[in-house]
Each structure stands twice: as structure tokens, then as C-alpha cells.
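In what follows, a single structure is set out as C-alpha cells and then discussed.
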Amino acid sequence: MTSDTTTPAVDLTGSRPRLRRERRVRRLFAGAAAVSIVVSLLIVGSLVGEAWTFLRGLDLSSLWTMGWFPRRGLFDVKTVLTGTLLIALVAMVVATPLGLGAAIYLSEYARPRARRWLKPILEVLAGIPSVVLGYFALTWISPNIVMRLSSHAGVFSMAAAGIAVGILVTPLVASVSEDAMRAVPAALREASYGLGAKKATTVTRIVFPAAASGIMASLILGVSRAIGETMVVAMAAGAVGGSLFQWNIFQPGQTMTAAMSALAIGSDQVAGSTSAFQSLFFLGLLLFLMTLGLNLLSDRFVRKVREKY
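In our numbering, the protein residues as written are 919 to 1227.
Put into C-alpha cells, the structure is as follows:
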């Protein structure tokens, strides 16, 4: 006589209280993501709405006049756009060699112990307050560097602001570039050494090209950071009250962020519902689109690195 024994079913999904906790956690994370998306959409909607109101009530020819003087109704976009791009250009001329040089040293030449000390210090430098660098630009960069490069330069100049912003951007470029270079497989370096290549040749011919996408991403992120910087350019670039169209980096200039801060809380502060006040949102929308495009481009380069390795 045989007796059939049945094994009780095992719940492989976990206990019900555990499942309820997991569902609550998922809902919490989903709610946080939804709040972030909604807030972002509200910000974009506010910028678009106010910018459209500004453009609708404005003679579009005033967007191409000579000078940015919002109190006079002169909203020359190319003045603040050119100032923004010039300061970003100076910043990247400073940050690119410094940042890439630091990245190459940390990735390829520094000993592990030195790297453990230097990498956190480099990341801490990224947290230097902008107001400190703005004051440094006025008290040291202008008299010791900019005024020696040009006899026509004053205390306030786009060059001084650009150099200070470049110092601010350098840790970002160095950190991202160093991560990209360390992501290059060690087998590529060993193959290069096996063929008799020296360290410098391996770095320039093997590691650097292999990490090119990540390095380019770091530079694009640096440009985005430089374009969005406010306090340094507001303190060091000058052009309080407005600015004429200016190509000379040794002269005061106006950027989009500095113009926005001046209109909102600075010396050019204006009342709400005026064209000058609404120009804040127009500049904010332009700045948002520029940084969004740069960040998307940077993300594309980063994905290329991940796909490659």
C-alpha cells in the first residue's frame, strides 16, 4: 500500500507584508519622479508663457538694436549672447589644458596613493563658492593678469570673468575626463607597451583617442557650466545698467545670466509686468534651450563611451 505525500507549495514571491512594503517604495519613487517632471514642466511652461508675452508686446526690431538697455526698451539679444559666448570661450581656453592635464596625470602617471589624495581635493575645488572666485577675479586676476595683457583693460572685463569661470570649470573637466580615461581597458595599454611604445606615446595615441567621446562630453559639460555661471560674471564682467555690443574681451560686457540677475535683484531691478521684467523669462528660455542642447549632446557622447567599452 502506497501513500502519496504532497509537498506544501512554497511562496517564491515573498511574504505579503514584504510585497506591500515593496509596492509602497515603488510608489514613493514613482511619486518623486512625477513631482520632478511636473515641476520641470511648470518651469518650462512659465518661461514659455512669459517669453511669448514679452515677444508679442515688443517691436521685434528692438531685439537687434545696438545695445542691451532694458530700462530704455533696448533688448539687443546679440549683445548678451555674444558676451555669454566670449566669456565661455575664455573659460574653456583656461579649463581645457588645465583640466585635461590634471586628468592625464591622475589617470596615467599618479601613483595610487597620490591619486587617493588628489582626486578628492580636485572634487572639493569644484565646490568653491562663485562669489569667492568673483572677488578673486577683481582683486588678483584683473591687476596681475588682464591689465598686463592689455593696457586698455580695467578692473572689470570679460577676460577676468572668463579666467575666473575657467578656474571654476576646471575640476569638472578634469574629473569627467579622468573617469573616461580610466574606463579605457588596460589591455589596450598593455598591447601598446608590448609593441615597445613609451608612456607618452601610449597616452596620446591609444588612451586619449579611446576616451575621446568622454573627454568631449566633459568639455561640453564645461561649456554648459560656463554659460550658466552667474555670480562670477556679475561681479567681474562689469557692464552694470546695460552694455553695448562688444567683441573686445578686455572691456566690460554683459551676459544673459548677469543681465537676469541685475534685472531681478541687482542694480537694474524693475517692477513686474513690464517689458524689462518679462525679458527675464525670455533670456531664461534662451539659456534653458542652450544648456539643454549642450547636455543632450554631452549625454550622447557619454553613451558612445559606454557602448564602446
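Backbone N, C-alpha and C fix where the C-beta goes; we use that ideal spot for every residue, glycine too.
Check your understanding: Going along the chain, which unbroken runs of the alpha helix (DSSP H) with 4 or more residues stay wholly within the region 1098–1123?
Key -> 1104–1112 and 1117–1120
Check your understanding: Is the Cβ-Cβ distance between Pro988 and Leu1181 less than 8 Å?
Key -> yes
Exercise for review: For my contact list, Ser1131 and Asn1213 are in at a C-beta cut-off of 8 Å; report their separation, rounded to the angstrom.
Suggested key: Actually they are not in contact, since the Cβ atoms of Ser1131 and Asn1213 sit about 15 Å apart, beyond 8 Å.
Review point. Near Glu1096, what residues of its chain come up, given a Cβ to Cβ distance below 7 Å and the 5 sequence neighbours on each side ignored?
Key: Ala1021, Leu1024 and Ser1025
Practice item. Any chance you could list the alpha helix (DSSP H) runs of at least 4 consecutive residues sitting entirely within the region 1007–1043, in chain order? Key: 1030–1043
Check your understanding: Do you know how far the Cα of Arg1034 is from the Cα of Val1125?
Key -> 21 Å
Exercise for review: Return helix, strand or coil for Met919, following the three-state DSSP convention.
Suggested key: Because the pLDDT of Met919 is 48, which lies under 50, any placement of that residue in the model is unreliable, and the number read from its coordinates should be weighed accordingly. The answer is coil: DSSP assigns Met919 none of H, G, I, E or B.
**Study point:** Residues bridged to Ser958 [DSSP beta-bridge criterion]
**Key:** Per DSSP, none; premise fails for Ser958.
**Study point:** Near the ligand NAD: Val1083 beta-carbon under 7 Å from a heavy atom
**Key:** This structure does not include the ligand NAD; it has no bound ligands of any sort.
Review point. Relative to the alpha-carbon of Val1102, which residue among Leu1051, Ile1133, Val1073 and Gly1072 has its alpha-carbon at the smallest distance?
Key: Ile1133
Practice item. Go through the region 1039–1098 residue by residue and report every complete run of the alpha helix (DSSP H) that reaches 4 residues or more, in order. Key: 1048–1054
Review point. Beta carbon of Ala1135, beta carbon of Phe1219: below 8 Å?
Key: yes
Review point. If you draw a straight line from the alpha carbon of Val995 to that of Val1150, how long is it in whole angstroms?
Key: 21 Å
Exercise for review: Let me know if Pro1089 comes out buried or exposed under the rule of 16 or more other beta-carbons within 10 Å of its beta-carbon.
Suggested key: buried
**Study point:** Pick from Phe1195, Ser958, Phe972 and Leu1139 that is closest to Gly1084, judged by C-alpha positions
**Key:** Leu1139
Check your understanding: Any idea what DSSP makes of Phe1219, helix, strand or coil?
Key -> helix
**Study point:** Nearest-angstrom Cα separation, counted from Arg945 out to Val953
**Key:** 12 Å
Review point. In its own chain, which residues sit with a C-beta less than 7 Å from the C-beta of Thr1002, not counting the 5 before and 5 after it?
Key: Ile1145, Thr1173 and Met1174
Exercise for review: Name the residue from Phe972, Ala1115 and Pro1015 whose alpha carbon lies nearest to the alpha carbon of Val1087.
Suggested key: Pro1015
Practice item. Could you please give the first and the last residue of the uninterrupted alpha helix (DSSP H) stretch that includes Phe1175? Key: The amino acid occupying residue 1175 in the given sequence is Thr; Phe does not appear at that position. Taken as a continuous stretch (DSSP letters only), the alpha helix (DSSP H) holding Thr1175 covers Met1174 to Ala1182.
Review point. Is Gly1080 closer than 8 Å to Val1008 when the C-beta atoms are compared?
Key: yes
Practice item. Could you spell out where the alpha helix (DSSP H) holding Gly1146 opens and where it closes? Key: Ala1130 to Gly1146
Check your understanding: If we call anything under 8 Å between Cβ atoms a contact, is Ile1167 one with Ser1069?
Key -> no
**Study point:** Alpha carbon of Ile1039 to alpha carbon of Val1050, nearest angstrom
**Key:** 17 Å
Exercise for review: Please list, in chain order, all residues of the same chain as Arg1107 whose beta carbon is under 7 Å from its beta carbon, the five residues on each side excluded.
Suggested key: Thr1120, Ile1124 and Val1125
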